[in-house]
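Peer 1: Residue numbers (the numbering used here), protein chains in the order written: chain S, 1 to 139; chain P, 1001 to 1139.
We treat Cβ as the ideally placed atom computed from N, Cα and C, and that holds for glycine.
Number of protein chains: 2
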Amino acid sequence: MEQQQISTYLLKSGIRPLQKRVKIMSYLVSKRNHPTVDMIYSDLIHEINGLSKTTIYNVLNLFVQSGVALALNIEGNEVRYDADTSTHGHFKCKICSGVIDFRIKQEELPNPMLDGFRIDEHHYYLKGVCSFCANKIEA
Amino acid sequence: MEQQQISTYLLKSGIRPLQKRVKIMSYLVSKRNHPTVDMIYSDLIHEINGLSKTTIYNVLNLFVQSGVALALNIEGNEVRYDADTSTHGHFKCKICSGVIDFRIKQEELPNPMLDGFRIDEHHYYLKGVCSFCANKIEA
DNA sequence: ATGTAAAATGAAATGATTACAAAAATAGTC
DNA sequence: GACTATTTTTGTAATCATTTCATTTTACAT
Ligand SMILES: [Mn+2]
Ligand SMILES: [Mn+2]
Ligand SMILES: [Zn+2]
Ligand SMILES: [Zn+2]
C-alpha cells in the first residue's frame, strides 16, 4: 500500500497522518509480522532519523485506541501489534517465536451463553510448533 | 477439595506436595478466581507465616511447567493463573476486571488449516462488560 | 515569518518478573 | 534424636517493558 493510501486511511480514522505515524502504519501493513515495539524500533531506526522508542509506544497506543490496530497478548512478556483488525486467529510458534494469521469467520467462533454480557473483542490464540520448525526438528 | 486430595493430586503429577505448594494449589482450586500473583500474595500472606512473593512465582512456574495450572495472558500487563486445565474459554470484564469461565467443547473450537503444524494450546478469550457491570451502568 | 498547539524526545520512574546467594526446611541415615 | 545432603524458600538486587514528564521540536494557521 502506498503511503498516500495510508495517510487517507489514518485521516478517515480520525488520526492526523504525521510522518512517523504513516511510516509506522506502513511498516505494520507491509510486513504483516505482528511485531513487538522492539522489532519496529530496530527496523525503522535506520529509516527514520532520530526515532525514539517512546514515539513508537505513543503511536501504537494511539492506533489501538483509535481502532486501527490490535494489541495481541499471546504471551505474558510481550505485546504484539497488528494492523489487520478484521476477525482472524493467531498461531505462535514456541520455537521460532513467529506469529502467523489464520482465517476464521466470525460465525465459526463459538458464542457462549453469557446472558446480559456485552462482548467487544474475540481473541483466538493457538500455540505450538510451526511446520517449518517441525521439519527442522525431525530432520 | 481437601488438602489431602490436593497432596495426592500433586504427587500424581510429579510435584512433591510441600506445605506452601498445597496451600497455593488449594487456593486456586477453591477460589476459582483466576488470580494474579499479587492477589494470591495478599490473600495468603495472612494465612501462611512468612510467605514470599518469590515463592509464589516459583510455585506457579512449577505448576505451569508440570501442567497442573494454566497461565492466562488475557491482557498484556497481567498474568492470571488457573488450576482448571480442561478446555474452556475466558471472559474478562473491562469494568470490574473479573475473569469468568465459560464452557466450550474442544470440538466447538475452529480447527484452522495449518498443515504440518503441531498445536499444543488453544486459548479463547472474550473481552467486554459483564452482566453485573452492565446493569450498574444503565441504572 | 510568527505564534500556538500538537507531537516527539530522552531521562527518570514504575511495575512485574527473574536471578542469585544465603537461610531454612526436608528426607534419609546412623 | 542428631547428622548430612538435597531441595525449597527467602530477600535483595538485577532486568526488562512500559509510562510519566519536562523539554525540545515540528506542524500548521495567521
Ligand atoms: Mn494478525
Ligand atoms: Mn478458567
Ligand atoms: Zn516455528
Ligand atoms: Zn464486570
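For S/Cys130, does the count of other Cβ atoms within 10 angstroms reach 16, so buried, or fall short, so exposed?
Peer 2: Your numbering for residue 130 of chain S matches position 130 in the first sequence. Buried, since its Cβ has 16 or more Cβ neighbours within 10 Å.
Peer 1: Can you find a CB in chain S that lies within less than 8 Å of the CB of P/Leu1044?
Peer 2: The residue given as residue 1044 of chain P occupies position 44 in the second sequence. Closer than 8 Å: no.
Peer 1: Identify whether S/Cys130 lies in helix, strand or coil by the three-state DSSP scheme.
Peer 2: For this step, residue 130 of chain S is matched to residue 130 along the first sequence. Looking at S/Cys130 - three-state DSSP - the assignment turns out to be coil, as it is neither helix nor strand.
Peer 1: Just list the alpha helix (DSSP H) runs in the region 47–114 of chain S, keeping only unbroken ones of 4 residues or longer that don't cross its boundaries, in chain order.
Peer 2: 53–66
Peer 1: S/Ser13 to S/Leu62, Cα distance in whole Å?
Peer 2: As a first step, residue 13 of chain S must be located in the first sequence, where it is residue number 13. As a first step, residue 62 of chain S must be located in the first sequence, where it is residue number 62. Cα-Cα distance, rounded: 11 Å.
Peer 1: Run through chain S and tell me which residues come within less than 9 Å of P/Ile1006, C-beta to C-beta.
Peer 2: The residue labelled residue 1006 of chain P in the question sits at position 6 within the second sequence. Going along chain S, no residue has its Cβ under 9 Å from P/Ile1006, so there is no contact; the nearest lies around 25 Å.
Peer 1: If you follow the alpha helix (DSSP H) that S/Cys10 is in, where does it begin and where does it stop?
Peer 2: In the first sequence, the residue the question calls residue 10 of chain S occupies position 10. Note on residue identity: the sequence assigns Leu, not Cys, to residue 10 of chain S. Taken as a continuous stretch (DSSP letters only), the alpha helix (DSSP H) holding S/Leu10 covers Gln3 to Lys12.
Peer 1: Quick check on P/Lys1127 - is its C-beta less than 8 Å from some C-beta in chain S?
Peer 2: In the second sequence, counting from the first residue as 1, residue 1127 of chain P sits at position 127. At least one chain S Cβ lies under 8 Å of P/Lys1127.
Peer 1: Given P/Asn1073, which residues of its chain have a CB within under 7 Å of its CB, disregarding the five upstream and five downstream residues?
Peer 2: Residue numbering aside, residue 1073 of chain P sits at position 73 when the second sequence is read from its first letter. Taken in chain order, the residues that qualify are Val1079.
Peer 1: Could you work out which residues of chain S lie near P/Ile1104, taking near to mean beta carbons separated by less than 9 Å?
Peer 2: The residue given as residue 1104 of chain P occupies position 104 in the second sequence. Those are Pro110 and Pro112, listed as they occur along chain S.
Peer 1: With 8 Å as the C-beta to C-beta threshold (strictly closer), list the residues of the region 1050–1073 of chain P near chain S in chain order.
Peer 2: Ala1071 and Asn1073
Peer 1: Check this for me: beta carbons of P/Pro1110 and S/Glu108, under 8 Å apart or not?
Peer 2: Along the second sequence, read from residue 1 onward, the residue named residue 1110 of chain P stands at position 110. Along the first sequence, read from residue 1 onward, the residue named residue 108 of chain S stands at position 108. For P/Pro1110 and S/Glu108, yes; Cβs fall inside 8 Å.
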